[in-house]
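Residues are numbered in my numbering as their position in the sequence shown, beginning at 1, plus a constant of 1. Just so you know, even glycine gets a beta-carbon here, dropped at the ideal spot from N, CA and C. Quick caveat: nothing in here was measured; it's all calculated off a predicted structure.
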Amino acid sequence: MWAGFLLAPETQGQPNNFNHWLQYSGTYWVNPQWGLTAHLQYRTYKPVTDLRVAFTGAEVQQAFKDLPVLVAAGYSHLFNRNYLTPEETTYTHENRLYQQITVRGQVGSVGVSHRYQVEERWLPQGYHTRLRYLLGLRVPIKPDAEGETPWYGILRNEVRVIIRDQPFDSNRVYGGLGYVVNKHLTLEGMWMSQLVGTGKHQHFSVFVLRHDFGQME
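What follows is the structure, given as structure tokens:
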């Protein structure tokens, strides 16, 4: 299956299977345990232009002082633009609620996270529930002159299944680099390959800005 991510048959109508993803995630910490997060995503078929998905969302999250666990619940709205033919597009909307638990740990110097998420999705074709599991690795890269490790490697694998007769929805594999600018700002650049339930492959360049502020400590 892993080798299959290197192959990218073209989707009918869609300009190509290489897409682009810009994301901002900003978290205001009311105190070190409670945070409010806003998510914005702009996904395109071409760099910056040719809209694919406009995503907006917000969530409430709670961290636990003595446990490496983060729980969250939120709402998202997706505006989707899909190609029917090379000249014709269609527009749809999705409303989504979700609940998630993230468990973090360490294996040596490598950070390991497990995220479990349940989504309630309202789409034009009806309602369904989707389950998601993401395994993430954060690998520190050689320290700088001050002994800090602002650079880190990113490896992630996410499986998504829908509660239905044919449950497999998609599998996403990520690889990339992150850079901690300071305690408030982090930048990430990744390549993501996605195998969807129809057997087609899609590929994304992903750039993320994470912004934390408020009473973080």
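Taking all protein chains in view, the Cβ of G179 is crowded by 16 or more other Cβ atoms within 10 Å, so the residue is classified as buried. Contact check for Y29 against F205 fails: the beta carbons are separated by 7 Å or more. Inside the stretch 43-124, DSSP marks whole beta strand (DSSP E) runs of 3 or more residues at positions 52-65, 68-84, 90-108, 111-124, from first to last along the chain. Under the three-state reduction of DSSP, P141 is assigned to strand. Our two residues, D170 and G148, have alpha carbons roughly 43 Å apart in a direct line. Less than 7 Å separates the beta-carbon of L210 from that of Y25. Taking 7 Å as the cut-off, the beta carbon of R44 is found no closer than this to the beta carbon of V31.
Taking a C-beta distance under 7 Å as the contact criterion, R131 and I163 qualify as a contact pair. Proximity to G58 across W35, T50, G27 peaks at G27, based on C-alpha coordinates. By the Cβ-count criterion, Q42 is buried, with 16 or more other Cβ atoms from all chains shown falling within 10 Å of its own Cβ.
Pairing H115 with V108 gives a Cβ-Cβ distance that is not under 7 Å. Counting the other CB atoms within 10 Å of its CB gives M217 a total below 16, which places it among the exposed residues. M217: not part of any beta strand (DSSP E); DSSP gives it neither H nor E.
The beta carbon of P141 is closer than 6 Å to those of S110, T150, Y153 in its chain, skipping five residues each way along the sequence. Judged by DSSP in its simplified three-state form, N20 adopts strand. Linking E95 to P125 through their CA atoms gives a straight-line distance of about 7 Å. The DSSP-derived three-state label of E189 is strand.
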